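Participant:
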Amino acid sequence: MARVIELQISDEVHPARLQHVIQNALSNPATLERLTIQTTQEEPDALYAILQAGQGKDHLGVGLKNLLKVETMGSIGDYGFAGTSDCECVVQGNVGDYFGHSQISGTLLVMGSAGHGFAAMAQGGLSIVLGDSTDRPGASLRGAAVLVRGSAGAQAGYRMRSGILVIGGDAGPELGAQFQGGRIYIRGQAESLTSDIEECRLREPDRLILSLLLMKAGLKASAIKEFRVYRSPSEL
Amino acid sequence: MPKQNKSQNNLSSNPINRARSLADRLEQAPLADALRDFGCKLQCRASGQSLHWPSPIFSRIALDTANSPSWLPTLDRLRSRCGVSIIGPQLRNSQSQSDHLGSGAGRSLDDGLSIHPVFVDEPIRFDALMHAEQIELQFFPSRAQTSRSSSNSDNMALTADAWIPTLPSDLTDIEKMSKRIELLRSASDQPTVVVGGAISAGQVYNDVRFLIDSGVDYISIVSQAAAGGSPPKIWNFQPVDFVIEQALGAIAKSGVPSVSLHICSSIHTAEDAVGLLSAGVDAFSIDTWLIHQQAKTPSSGNSSEDLGSFMGSYARTSTPALNDSVLVATESFLKDFMALRRFYEV
């Protein structure tokens, strides 16, 4: 039995405390205005939350965990879904700065474009933006996979320590500034590269990683050959 | 000796020598001391509400020492018996039960606070902040960062560069820093959550102004590496008198007098502590004093070596023990400290 909660976020509820709201709702369903329960055999304890409000709000869904799916109808502000774990979060719109900051696990999907520092310091999971991202996507990445389907702004992969950054379009200046580890895959052209990264040959493991990530993002993997790989010179 | 005004800081003379005469004290109403608040109040700038510490003493040993697990039971007891506030992840286990209710609900008013550290250049653990009453941003690298090759956090050791100031690598300006602080504040469900910033004493004036502009409620300055070894050669802590003067000057000029000042410096006697308070500091760390007490304790060494048998050579995992002598000594210290505070009216 998968539980579906449609959450109406009133002005009294801080968007960052969505996890508290959901926990309270689960322990006391009568507090929810609308609680729909749908039955499925496959996932008996899964929880599917649909946020009908919260458009443009900062800090929405910070620290959410153990939810089957959370979907927001509209764009959201800064620090959306930061620090989430074991959640699949979908934003039907654009996101502000630092979306998916410190993400631990799960999947974040942005149907629109993202602001500054997309998925910065993410430790695990996968963050996808189907549009463009402004500067510093994947900044200080700590092991997560980040996919920007469109173009990325300046200093993509800034101070990355580990993880994967995939850019489907072009990148702005100073790609990989102060890069320390991980991989950057880019399909288009970078305005300028820093000396902290060096291009290397696209090998079979890279193709596998790329195809898996593209598949997870629901994208065609036919263009894998067009990607180039960048690593830290110390790793080569 | 009333506490010095933050805007009128003068450290030229020893503040302890400026107590009111005994004759003046005779005018004082009986039991006036009993009504005085000897704790420390921090004000949340966002809500205007105050957070009360039962005593103006804190410890960051659990954060700064490599052998922090051995301190856990002692620190936990210091928090509950002496009202010492503890910074660090040290109380995770003992707090797990109260996590359901929130740390505020599970804490007596006489207990010290558990302060959640957030390293500015590390990912944020929001689940740990859900019920946090107090959060402190650490503007220097963490042990995790300096020894990231080690997978076991208990074996992490501080390296010298742990005291070199750092900024969040994903932020570019003060406005974004203030938004980060707002995020941390909103992550907790406690209405009086206060967010502070801990810096190492270097460019104190500018750093304090930066933090105040970022929106922190209090500032903690480490002017001595009490528990974490020496700083690197390229880094020098400023002297504590200079640090206090600069910090209080910056707070006064910022126009936000509600910002509190905490100092982590060398404390050897209760007089040192009273001297800090009278200089305008709101709270101080007793780490150097605790470490000194532990060093004086005969059994402070590794217990596995005390056996002296062939088993001593085997690596064993032992449960950290409560250090009673440190507890007793701390209680005695607090007694002296409170007596001095009453006498000097700090």
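Chains S and C are the protein sequences, given in the same order.
Residues in the first sequence are numbered from 1 upward in steps of one, following our numbering.
Residues in the second sequence are numbered from 237 upward in steps of one, following our numbering.
A virtual CB, placed ideally from N, CA and C, is assigned to each residue, including glycine.
Keep in mind that this is a model prediction, so the values were computed, not measured.
Quick one: any contact between the region 301-316 of chain C and the region 284-291 of chain C, if contact means 3 or more CB pairs under 8 Å?
Facilitator: Taking 8 Å as the limit for Cβ pairs, the verdict is that the region 284-291 of chain C does not touch the region 301-316 of chain C.
Participant: Give the list of continuous alpha helix (DSSP H) stretches no shorter than 4 residues that lie fully inside the region 351-382 of chain C.
Facilitator: Listed in chain order, the complete alpha helix (DSSP H) runs (minimum 4 residues) inside the region 351-382 of chain C are 362-365, 379-382.
Participant: Which of the three DSSP states is assigned to lysine 220 of chain S in this structure?
Facilitator: Residue 220 of chain S sits at position 220 when you count from the first residue of the first sequence. Coil, per DSSP.
Participant: Helix, strand or coil for aspartate 86 of chain S, going by three-state DSSP, please let me know.
Facilitator: Numbered from 1 along the first sequence, position 86 holds the residue referred to as residue 86 of chain S. Looking at aspartate 86 of chain S - three-state DSSP - the assignment turns out to be strand.
Participant: Counting along the chain, where does the alpha helix (DSSP H) carrying histidine 528 of chain C start and finish?
Facilitator: Counting from one through the second sequence, the residue named residue 528 of chain C turns up at place 292. That run of the alpha helix (DSSP H) goes 523-532.
Participant: Keeping to the same chain, check which residues put their C-beta closer than 6 Å to that of asparagine 66 of chain S; ignore five residues upstream and five downstream.
Facilitator: In the first sequence, residue 66 of chain S corresponds to position 66, counting from 1. Answer for asparagine 66 of chain S: Asp86, listed in chain order.
Participant: Buried or exposed for histidine 367 of chain C, going by 16 or more other Cβ atoms inside 10 Å?
Facilitator: The residue you call residue 367 of chain C lines up with position 131 of the second sequence. By the neighbour-count rule (16 or more Cβ atoms within 10 Å), histidine 367 of chain C is buried.
Participant: Specify, as a first and last residue, the run of the beta strand (DSSP E) that tryptophan 289 of chain C falls within.
Facilitator: Translated into positions along the second sequence, residue 289 of chain C becomes position 53. Looking at the DSSP string, the run of the beta strand (DSSP E) that includes tryptophan 289 of chain C is 286-289.
Participant: Three or more C-beta pairs under 8 Å: does that hold for the region 425-443 of chain C against the region 138-156 of chain S?
Facilitator: The region 425-443 of chain C vs the region 138-156 of chain S: no contact.
Participant: Flag this pair as yes or no: are the beta carbons of glutamate 174 of chain S and tyrosine 158 of chain S separated by less than 9 Å?
Facilitator: Indexing the first sequence from 1 puts residue 174 of chain S at position 174. Indexing the first sequence from 1 puts residue 158 of chain S at position 158. Result yes, Cβ atoms of glutamate 174 of chain S and tyrosine 158 of chain S sit closer than 9 Å.
Participant: Excluding five sequence neighbours on each side, which residues of the same chain lie with their C-beta closer than 6 Å to the C-beta of glutamine 529 of chain C?
Facilitator: Here residue 529 of chain C is taken as the residue at index 293 of the second sequence, counted from 1. Contacts found: Val562, Ala565.
Participant: Check the Cβ-Cβ distances between isoleucine 164 of chain S and every residue of chain C, and say whether any is below 9 Å.
Facilitator: Here the question's residue 164 of chain S lines up with position 164 in the first sequence. Cβ-Cβ to chain C under 9 Å: no for isoleucine 164 of chain S.
Participant: Who are the near neighbours of arginine 231 of chain S in its chain, counting only those whose CB is closer than 7 Å to its CB and skipping five residues on each side?
Facilitator: Walking along the first sequence from the start, residue 231 of chain S turns up at place 231. Excluding sequence neighbours, arginine 231 of chain S sits near Arg183, Ile197, Glu198, Cys200.
Participant: Just the C-alpha distance for phenylalanine 118 of chain S and serine 344 of chain C, rounded to the nearest angstrom, thanks.
Facilitator: Counted from its first residue, the first sequence places residue 118 of chain S at position 118. Counted from its first residue, the second sequence places residue 344 of chain C at position 108. Cα-Cα distance, rounded: 41 Å.
Participant: Can you say whether lysine 220 of chain S is buried or exposed, counting buried as having 16 or more other CB atoms within 10 angstroms of its CB?
Facilitator: For this step, residue 220 of chain S is matched to residue 220 along the first sequence. The residue in question, lysine 220 of chain S, is exposed, as its Cβ has fewer than 16 Cβ neighbours within 10 Å.
Participant: Which word fits phenylalanine 227 of chain S, buried or exposed, when buried means at least 16 other C-beta atoms lie within 10 angstroms of its C-beta?
Facilitator: Working through the first sequence from its first residue, we reach residue 227 of chain S at position 227. Buried, by the Cβ-count rule.
Participant: Using the C-alpha atoms, what's the distance from isoleucine 487 of chain C back to glycine 516 of chain C?
Facilitator: Taking the second sequence and counting its residues from 1, one reaches residue 516 of chain C at position 280. Taking the second sequence and counting its residues from 1, one reaches residue 487 of chain C at position 251. Answer to the nearest angstrom: the Cα atoms are 11 Å apart.
Participant: In the DSSP assignment, find the beta strand (DSSP E) that holds arginine 228 of chain S and state where it starts and stops.
Facilitator: By 1-based counting over the first sequence, the position of residue 228 of chain S is 228. Taken as a continuous stretch (DSSP letters only), the beta strand (DSSP E) holding arginine 228 of chain S covers 228-231.
Participant: Leaving aside the five residues before and after serine 140 of chain S along the sequence, list all residues of the same chain whose C-beta is less than 8 Å from its C-beta, in chain order.
Facilitator: Translated into the one-based positions of the first sequence, residue 140 of chain S becomes position 140. Cβ within range, chain order: Ala120, Met121, Tyr158, Arg159, Met160, Arg161.
Participant: Enumerate in chain order the residues of its own chain whose CB-to-CB distance from glutamate 567 of chain C is below 8 Å, with the five nearest sequence positions on each side excluded.
Facilitator: Here the question's residue 567 of chain C lines up with position 331 in the second sequence. Result list for glutamate 567 of chain C: Arg317, Cys318, in chain order.
Participant: Would you report the Cα separation of proline 290 of chain C and arginine 361 of chain C, rounded to the nearest angstrom?
Facilitator: As a working mapping, residue 290 of chain C is identified with position 54 in the second sequence. As a working mapping, residue 361 of chain C is identified with position 125 in the second sequence. Computed Cα separation, rounded: 27 Å.
Participant: Could one say the Cβ of glycine 117 of chain S lies closer than 9 Å to chain C's Cβ atoms, at least one of them?
Facilitator: Within the first sequence, numbered from 1, the residue matching residue 117 of chain S stands at position 117. It does: the Cβ of glycine 117 of chain S has a partner Cβ on chain C nearer than 9 Å.
Participant: Spell out whether any CB of chain S is found under 9 Å from the CB atom of glutamate 369 of chain C.
Facilitator: On the second sequence, residue 369 of chain C is found 133 positions in, with the first residue counted as 1. Chain S, which has no Cβ nearer than 9 Å to the Cβ of glutamate 369 of chain C, makes this no.
Participant: Under the three-state reduction of DSSP, which class applies to glutamate 174 of chain S: helix, strand or coil?
Facilitator: Within the first sequence, residue 174 of chain S is the residue found at index 174, counting from 1. In the structure shown, glutamate 174 of chain S sits in coil (DSSP, three-state: anything other than H, G, I, E or B).
Participant: Show which residues of chain C have a CB atom less than 7 Å away from the CB atom of glycine 125 of chain S.
Facilitator: Walking along the first sequence from the start, residue 125 of chain S turns up at place 125. The premise fails here: glycine 125 of chain S is roughly 12 Å from chain C at the closest Cβ pair, so nothing lies under 7 Å.
Participant: Name, in chain order, the residues that DSSP records as bridge partners for histidine 498 of chain C.
Facilitator: As a working note, residue 498 of chain C is residue 262 in the second sequence. Answer is C/Ser456, C/Ala519.
Participant: What in chain S is Cβ-close to methionine 413 of chain C, meaning under 8 Å?
Facilitator: By one-based count along the second sequence, residue 413 of chain C stands at place 177. Correct list: empty, because the minimum Cβ distance to chain S is about 12 Å.
Participant: Is the separation between the beta-carbon of isoleucine 219 of chain C and that of serine 450 of chain C shorter than 9 Å?
Facilitator: There is simply no residue 219 of chain C to check, as chain C begins at 237 and stops at 582 in what is shown.
Participant: I'd like to know whether the C-beta of proline 15 of chain S is nearer than 9 Å to at least one C-beta of chain C.
Facilitator: Taking the first residue of the first sequence as position 1, residue 15 of chain S is located at position 15. So yes, proline 15 of chain S belongs to the interface.
Participant: At which residues does the alpha helix (DSSP H) containing alanine 298 of chain C begin and terminate?
Facilitator: Here the question's residue 298 of chain C lines up with position 62 in the second sequence. Unbroken alpha helix (DSSP H) run through alanine 298 of chain C: 297-300.
Participant: Which residues mark the beginning and the end of the alpha helix (DSSP H) in which arginine 578 of chain C is found?
Facilitator: Along the second sequence, one-based indexing puts residue 578 of chain C at 342. 560-580 is the span of the alpha helix (DSSP H), which, as asked, contains arginine 578 of chain C.
Participant: Can you check whether the CB of serine 501 of chain C is closer than 9 Å to the CB of isoleucine 448 of chain C?
Facilitator: Against the second sequence, residue 448 of chain C aligns to sequence position 212. Against the second sequence, residue 501 of chain C aligns to sequence position 265. Contact flag unset, no.
Participant: Across which residues does DSSP place phenylalanine 294 of chain C in a beta bridge pair?
Facilitator: Residue numbering aside, residue 294 of chain C sits at position 58 when the second sequence is read from its first letter. Phenylalanine 294 of chain C pairs with C/Ser321, C/Ser521.
Participant: Residues of chain C with CB closer than 8 Å to the CB of valine 62 of chain S, please, in chain order.
Facilitator: Here residue 62 of chain S corresponds to residue number 62 of the first sequence, with the count starting at 1. Residues of chain C passing the Cβ test: Phe362, Leu419, Ser422, Ala423.
Participant: Of all the CB atoms in chain S, is at least one closer than 9 Å to the CB of leucine 299 of chain C?
Facilitator: Here residue 299 of chain C refers to the residue found at position 63 of the second sequence. So, not an interface residue.
Participant: Name the one or two DSSP bridge partners that lysine 57 of chain S has.
Facilitator: As a working note, residue 57 of chain S is residue 57 in the first sequence. In DSSP, lysine 57 of chain S forms no bridge with anything.
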